[in-house]
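Student: Which chain is which? The protein sequence lines are A and B, in order.
Take the first sequence: its position 92, counted from the start at 1, is 92 in my numbering, and no numbers get skipped.
Take the second sequence: its position 123, counted from the start at 1, is 123 in my numbering, and no numbers get skipped.
Just so it is clear, CB atoms sit at the ideal spot from N, CA and C, and this is done for glycine as well.
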Amino acid sequence: MRQESVRRIISLCLLFLLIAVFGLTSSYFLAPKNIYAFLRDASVTGILTVGVSFVIITAGIDLSTGALTALCAMLMANFLYYQPGVPIPVLCIVSILVGILGGLLNGFVVTRLKLPDFIATLATQGIFRGLTMFFAIRESGRIRNQVIKNRAFLAFSGKFGFGLFYVTVVFAVMVIIGQLLLKKTKIGVYTYATGSNRKSADLSGIPADRIKRFAFVLSGFCCGLAAIFLLARTGAATVDLGTGLEFDVIAAVVVGGCAFSGGRGDVVGSMIGALFMAILTNGIYKYNLGSEYHVIIKGVVIIIMVLFDSVYQYWFRSRTRSADKRARNGKAVVE
Amino acid sequence: MNGQVLLRAENIHKSFSGVQVLKGVNLEIRAGEVHALMGENGAGKSTLIKIIMGVYPKDSGDIWVQGEKVEINSRQDAQRLGLAVIYQELSLIPTLTVMQNILLGQETQKAGLLDRRAMMRRVQELMDRFDLHLDPNEVVENLSIAQQQTVEILKSLTVDAPLIIMDEPTASLSASESERLFDIIDRLRSRGVGILYITHRLEEVRLLADRLTVLRDGENVAVVEKKDYDPQKIIRMMIGKEITTAADRVEMKRPSGPVGLSVRNLCRKGVFRDISFDAHHGEILGIGGLVGSGRTEVLRAIFGADRYDSGEITFDGKKIASTVSGNILKGFGLIPEDRRAQGFIPLQSIRKNVALTNYDLLSGALGLIRSGQESAMCDRAIRDLDIRPNLPSMPVINLSGGNQQKVVVGKWMARDLKVLLVDEPTAGIDVGVKEAIYQILESLAASGVIVIVVSSDLQELLRVSTRILVMREGRIFKEFCEGMITQEDILTAASGIDSSMEVSDE
C-alpha cells in the first residue's frame, strides 16, 4: 500500500479513536449540539490549515497566521466603529485583501529577500501584531475592546436552523477548493515538486519561487477569510485576538500528515488534523481540565506526531531498500 | 532517422582560471548509436558534458543540434533541444508518481485542471513505444534505484529527437540491474535515440558502444569504431603512452614492518564482500579500482563510520572499536574524499579545525579548553605541514584546496596517530601542492604509521603506494606487491581483464 494512504488511515484511526474515547466516557459528547460545537471550533483553525498546508508542502512554514488574522479582524472592527455605513461585503473584501497583502509580504521576504521561512514569518508575525495594536480602537489614549453591535456582521457567527454553523460550511468549501487545487491542477503538482526536491524542480523548469509566493498568498487569503468569522464569534477585536492560533494550525497540519521536510500531506489530511485538535480541546474541557492542560497536550501531540512521522518514514524507506537489496542478493548468487 | 547527426561539438575550448581544460575537443553523436566517451580522471569528460548541457559557458567552439547551430546557455535550453543527462545521483521528485515525474513541467491541462487521462495516455504511449513498463501511478520513492533510473530515462524521452547522456549509470546498480539497463539502452538505440555513454568500464564499452571517443588531457585522442575495438589499445590511448618507458614503471615492495591492521572476510551485503588484507606498520597501501567498486565503503567500515555485516578487523592483535570516537581514541584517522562536506568545518578557523578531534587532549580543569595548548597545536600543524597563509584565525573555507587538505591532515597528526585512512588525497588540489601532500604521507609512514590510500588517479596511486590492491565489484581482485608495474597494469586489473603476463588470484 502507498505511504500516503497508510498515513491517511492512521490519522483517521486517531480521529475515530479520540471520538470513541470521548463518546463512550461522556454521554453528552455525541449529542448533535456538541458535534456542531466542535465542528465550529475546528472551522476557524481549519480554514487557516488550508493555506498553511500549501506552505508546509513547499517545505516552508508560516508562523504569522494568528497575527495576520488579528490584523484583518482589527481593521474590520475599525470600519465597524468609525464607518458604520460601509456595507458588510466591502468589509469582507477589505479583510481578504489585507490578508492577501500580508501573504504577499511573506512571499516577498522569503523568495526575494531570501530569508528562511521560519525567521521571515516570525518577523512578520511581530509586524502584523504590532500593526494590530497600532490600529486598536482607543478612547482617551487607552486601548478599548470595542464590542461590535452590528447585527448584520454578527450574523456570520450564526447557524442553519438544524444547528450547523455557517463557518463550518465555509471550512468545508475551502477544503474542497484546496484539495482540488492540490491534486487536480498544475499548481498542486508543482507545490509538491517544490517541497520534495527543490533542485530538480528548478531543473524541470518549475517556477518554484512563484509557487512559494502563491502558497503564502493563499495562506494570507485564508487569514482574511477566517478573520471574518473569528471577529463575528468573539464580538470584539482585541489586540491579542488569535494569539497562539498559528500553533493550533501547525499542530493540526502535522497531525494530518504534512511533513516539515516538504512534499507530503494534503488538505484533507489537515482537515482531519483540525477536527482532531478541536475534538481534543472539546473533550479536555468535558473532563473539566483547565486550558493549561490543553496547551500542554497540544505541544505533546506535535512532538509525538513529528516523531512518529520520521520513524514511520524511516521504516517505509528501509522496506523499499531491503526489497532493493533482495533483488541484488538474488543476483549475487547467480554470479 | 538512424545515422542522422544529433549533436556535433566542434573545436570546444575551455579554461578555468588560466588552466586549459579542453583544447579543441570534437564530438559527434548520431541518432540510433551508443557513443562511449572515455578518458582518465581530469581528461575533460565532465567539463565537456557540462558545456553541452549549458552548465558552463564555453570559451570558443561551436555546437550543432540536428544540423542547426545552437547556443546553449542553461539547462532549460539544453532540455528544449532534447538533450538530457542521467546523473549518478537521480533527480526525481520522490513524493510524486511516475506519471507526474515523467511529465513534470509538461502537464496537459483542460479548463485549468490537469487532464489526467490525456497525460496517462501520453505516458502509456511513451512506455509502449520504448517498451519500458512501470506502474504510472506508483510513487517514485517506493521504486528501486533501477526503476527510478527508468523513470529518468522516460522523462528524457518526452522530446522529439532525444539525446541521452548517461554519466556512469551503472555505478550504483547491481549486476542484474546493470544488465536490465543495457537491455533498455539496446531498445532505445533501435528506436533512434542517441546515447552518449560515459564510463570507466571497458567491458561495458565493448558490450554497448557503436563508437568510442577517447579524451586525454582535454584533447581528442581518437574516435574508435566498434570493429577496431581493442581494450589494451584503448587503455594505452587513455594513459597516453604507446610504449611505457622505464620512468613510468614503479617498483612494488613486500612490506617489511610488522602487521598492524588486519582485515578478515569483511562483508557488507550489496557493497563489498570477502575483503581480507593485512596492512603493515610503515607502509603506504594503495587501493585502486573504479568508482563504485567499494573502496570508499571499505575505508569507512574500518574507521567505524559505516556498519558491516560480518568479518573482523584487528589492530595489533586486538579487535578494533565499532564507533568512530572509539577508533579515534585508538589512533585512527580518516581523510574523506569530500573535504568540504566531511573533512573540515568550513567557517571555523584553522585553529579550531586542527583541534576539532583533539579536545580530549586539550581539556583542562572544569572541562574548559586550554587555549594555550590549542594555539600551540595549531602552530605546530602550520609549521610542520607548511599551511599557508599561516594565520591560525583564518576560516578554512578561505584556504586553497591543498591547504584545506593540510588542515585535515593536521587534525590527525596532532594525536598519537597509528592508522591514517585517506580517500582521494589530492582531489581538486593544484598539481604543485600534490607532491607536498605525498611527502607528508610518506613521512607519516616512515614514522611507523599505517597509511591506506584510495585513489582513482593512477599516477598518484603509483607515486605514493608501496603496495597496491585493486578492487573490483566489491572484492579485492588483485594485489601488486612485487616487481615493476605501470598505470596500464592497474587499469587492466580494475577493468577485470587478466593480463597474460600476470597470474591472477581468481
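Judging by CA-CA distance, which residue of SER363(B), SER455(B), GLY326(B), GLY331(B) is the nearest neighbour of ASP338(B)?
Tutor: Numbered from its first residue, the second sequence carries residue 338(B) at position 338. The shortest Cα separation from ASP338(B) among SER363(B), SER455(B), GLY326(B), GLY331(B) belongs to SER455(B).
Student: Below 7 Å between beta carbons is the criterion; list the residues of the stretch 91 to 116 of chain B that meet it against any residue of chain A, in chain order.
Tutor: Answer set for the stretch 91 to 116 of chain B: SER91, LEU92, ILE93, PRO94, THR95, LEU96, GLN100, LEU104, GLY105, GLU107, GLN109, GLY112, LEU113, LEU114.
Student: Could you run through the stretch 265 to 294 of chain A and flag, in chain order, every residue whose CB is less than 7 Å away from some CB of chain B?
Tutor: For the stretch 265 to 294 of chain A, the set of positions with a beta-carbon nearer than 7 Å to some beta-carbon of chain B is empty.
Student: Can you give me the start and stop residues for the alpha helix (DSSP H) that LYS186(A) sits inside?
Tutor: Along the first sequence, one-based indexing puts residue 186(A) at 186. Note, LYS186(A): alpha helix (DSSP H), 186 to 196.
Student: Taking only runs that begin and end inside the stretch 230 to 315 of chain A, name each unbroken beta strand (DSSP E) of 3 or more residues, in chain order.
Tutor: none
Student: Mind checking if GLN4(B) is an interface residue toward chain A, Cβ cutoff 7 Å exclusive?
Tutor: Taking the first residue of the second sequence as position 1, residue 4(B) is located at position 4. It does not: the Cβ of GLN4(B) has no partner Cβ on chain A nearer than 7 Å.
Student: For ILE243(B) and PRO231(B), I'd like the C-alpha separation in whole angstroms.
Tutor: Position 243 of the second sequence, counted from the first residue, corresponds to residue 243(B). Position 231 of the second sequence, counted from the first residue, corresponds to residue 231(B). Any answer about ILE243(B) is weak, because its pLDDT of 48 lies below 50 and its placement is not dependable; what the coordinates show is given next. If I take the Cα positions, the gap works out to 15 Å.
Student: For the structure I just gave you, are there three or more beta carbon pairs, one from the stretch 52 to 67 of chain B and one from the stretch 144 to 152 of chain B, closer than 8 Å?
Tutor: In short, these stretches do not touch, since the Cβ pair count stays below three.
Student: Could you tell me if LEU202(B) is buried or exposed, where buried requires 16 or more neighbouring beta carbons within 10 angstroms of its beta carbon?
Tutor: Sequence index remark: in the second sequence, residue 202(B) carries index 202 (1-based). Buried: at least 16 other Cβ atoms inside 10 Å.
Student: Quick one: any contact between the stretch 222 to 234 of chain A and the stretch 23 to 34 of chain A, if contact means 3 or more CB pairs under 8 Å?
Tutor: no
Student: Closer than 7 Å, CB to CB, is VAL34(B) near chain A or not?
Tutor: Within the second sequence, residue 34(B) is the residue found at index 34, counting from 1. Closer than 7 Å: no.
Student: Any C-beta of chain A sitting closer than 7 Å to the C-beta of ARG180(B)?
Tutor: Working through the second sequence from its first residue, we reach residue 180(B) at position 180. Chain A contact via Cβ: absent.
Student: Taking only beta-carbon atoms, is VAL139(B) less than 7 Å away from chain A?
Tutor: Counting from 1 along the second sequence, the entry for residue 139(B) is found at position 139. Closer than 7 Å to some Cβ of chain A, the Cβ of VAL139(B) qualifies, so yes.
Student: Sort PRO207(A), ALA259(A), LEU225(A) by Cα distance to CYS92(A) and report the nearest one.
Tutor: Counting from 1 along the first sequence, the entry for residue 92(A) is found at position 92. Closest by alpha carbon: LEU225(A).
Student: So that I know if they touch, is there some Cβ in chain A lying closer than 7 Å to that of ARG340(B)?
Tutor: Within the second sequence, residue 340(B) is the residue found at index 340, counting from 1. So no, ARG340(B) is outside the interface.
Student: Which first and last residues belong to the beta strand (DSSP E) in which SER251(B) is found?
Tutor: Reading the second sequence from its first residue, position 251 is the one you call residue 251(B). According to the sequence as given, residue 251(B) is Glu; it is not Ser. Here the beta strand (DSSP E) through GLU251(B) covers 250 to 252.
Student: Check the Cβ of SER11(A) against every Cβ in chain B and list those closer than 9 Å, keeping chain order.
Tutor: What you label residue 11(A) is simply residue 11 of the first sequence in a count that begins at 1. None at all; the shortest Cβ gap to chain B is about 17 Å.
Student: Kindly list, in the order they appear in chain A, the residues whose Cβ is closer than 7 Å to that of GLN76(B).
Tutor: Here residue 76(B) is taken as the residue at index 76 of the second sequence, counted from 1. Those are GLY205, listed as they occur along chain A.
Student: Three-state secondary structure (DSSP) at PHE214(A)?
Tutor: Walking along the first sequence from the start, residue 214(A) turns up at place 214. Helix, per DSSP.
Student: How long is the line joining the alpha carbons of GLU513(B) and GLY343(B), rounded to whole angstroms?
Tutor: In the structure displayed, chain B extends from 1 to 506; residue 513(B) sits before or after that span and is not available.
Student: Taking buried to mean at least 16 other C-beta atoms within 10 Å of its own C-beta, is GLY364(B) buried or exposed?
Tutor: Residue numbering aside, residue 364(B) sits at position 364 when the second sequence is read from its first letter. Flag for GLY364(B) reads exposed.
Student: Alpha helix (DSSP H) containing ILE490(B): first to last residue?
Tutor: In the second sequence, the residue the question calls residue 490(B) occupies position 490. ILE490(B) -> alpha helix (DSSP H) spans 487 to 494.
Student: Name the DSSP beta bridge partners of ASP167(B), please?
Tutor: Numbered from 1 along the second sequence, position 167 holds the residue referred to as residue 167(B). Paired residues: ILE198(B).
Student: Tell me whether PRO162(B) sits in a helix, a strand or coil according to DSSP, three-state version.
Tutor: Here residue 162(B) refers to the residue found at position 162 when the second sequence is read from its first residue. PRO162(B): coil per DSSP, three-state reduction.
Student: Check each residue of the stretch 170 to 191 of chain A: if its Cβ is closer than 9 Å to any Cβ of chain B, include it; give the result in chain order.
Tutor: If the cut-off is 9 Å between Cβ atoms, the stretch 170 to 191 of chain A has LEU180, LYS183, LYS184, THR185, LYS186, GLY188, VAL189, TYR190 near chain B.
Student: Taking only beta-carbon atoms, is ARG8(A) less than 7 Å away from chain B?
Tutor: The count along the first sequence starts at 1 and reaches residue 8(A) at position 8. With its beta carbon at least 7 Å from every one in chain B, ARG8(A) lies outside the interface.
Student: Using DSSP bridges, identify the partner residues of THR45(A).
Tutor: To locate residue 45(A), count along the first sequence from 1; it is residue 45. Partner(s): none; THR45(A) has no beta bridge.
Student: Out of curiosity, what's the CA-to-CA distance linking GLY294(B) and GLU473(B)?
Tutor: The residue given as residue 294(B) occupies position 294 in the second sequence. The residue given as residue 473(B) occupies position 473 in the second sequence. Approximately 7 Å, taken between the alpha carbons.
Student: Please confirm if SER196(A) has its CB atom under 7 Å from at least one CB of chain B.
Tutor: Along the first sequence, one-based indexing puts residue 196(A) at 196. Yes, its Cβ sits closer than 7 Å to a Cβ of chain B.
Student: Which whole-angstrom value describes the C-beta separation of GLY105(B) and ILE206(A), a residue pair presumed to lie in contact below a C-beta threshold of 8 Å?
Tutor: Taking the second sequence and counting its residues from 1, the one referred to as residue 105(B) is at position 105. Taking the first sequence and counting its residues from 1, the one referred to as residue 206(A) is at position 206. Sure, about 6 Å apart at Cβ, within 8 Å.
Student: With three or more C-beta pairs closer than 8 Å as the rule, is the stretch 10 to 28 of chain B touching the stretch 183 to 195 of chain B?
Tutor: no
Student: Assuming ILE51(B) contacts HIS281(B) under a Cβ cut-off of 8 Å, what Cβ separation, rounded to an integer in Å, is found between them?
Tutor: Here residue 51(B) is taken as the residue at index 51 of the second sequence, counted from 1. Here residue 281(B) is taken as the residue at index 281 of the second sequence, counted from 1. The Cβ separation is near 48 Å, so there is no contact.
Student: Using only the alpha-carbon positions, how far apart do ASP115(B) and ARG121(B) sit?
Tutor: Sequence index remark: in the second sequence, residue 115(B) carries index 115 (1-based). Sequence index remark: in the second sequence, residue 121(B) carries index 121 (1-based). Distance from the CA atom of ASP115(B) to the CA atom of ARG121(B), rounded to whole angstroms, is 10 Å.
Student: Per DSSP, which one or two residues make a beta bridge with LEU215(B)?
Tutor: Locating residue 215(B) in the second sequence gives position 215, counting from the first residue. In DSSP, LEU215(B) forms a bridge with ASN220(B).
Student: Go ahead and label GLY161(A) buried or exposed: buried means 16 or more other beta carbons lie within 10 angstroms of its beta carbon, across all protein chains shown.
Tutor: The residue labelled residue 161(A) in the question sits at position 161 within the first sequence. That one is exposed.
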